[in-house]
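Numbering (the numbering used here), first residue to last: 278 to 345.
See the structure below:
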């Protein structure tokens, strides 16, 4: 059985926008495998903590991850 949630065009746009960046796809892959703090994620990228935090926020706004 397959179930799906009806998404608005804006929600679909947010998901595709979030998945458009390779860094966000990598963050999503890593967080699917196990939980990570933003600090732990930021250590593995050649960018500032703030930049990684922004990528995480985009994924969260798209409903792809949940911050705890």
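Beta carbons: idealized from backbone N, C-alpha and C, even for Gly.
Buried/exposed call for residue i, threshold 16 Cβ in 10 Å
| i | result |
| --- | --- |
| residue 343 | exposed |
Check whether residue i and residue j have beta carbons under 8 Å apart
| i | j | result |
| --- | --- | --- |
| residue 284 | residue 341 | no |
| residue 339 | residue 298 | no |
| residue 300 | residue 322 | yes |
Cβ-Cβ separation, residue j to residue i (assumed contact under 8 Å), whole Å
| i | j | result |
| --- | --- | --- |
| residue 333 | residue 315 | 6 Å |
| residue 326 | residue 319 | 4 Å |
Self-check item: Ranges of the alpha helix (DSSP H) found wholly within the segment 317 to 344, counting only runs of at least 4
Solution: 326 to 338
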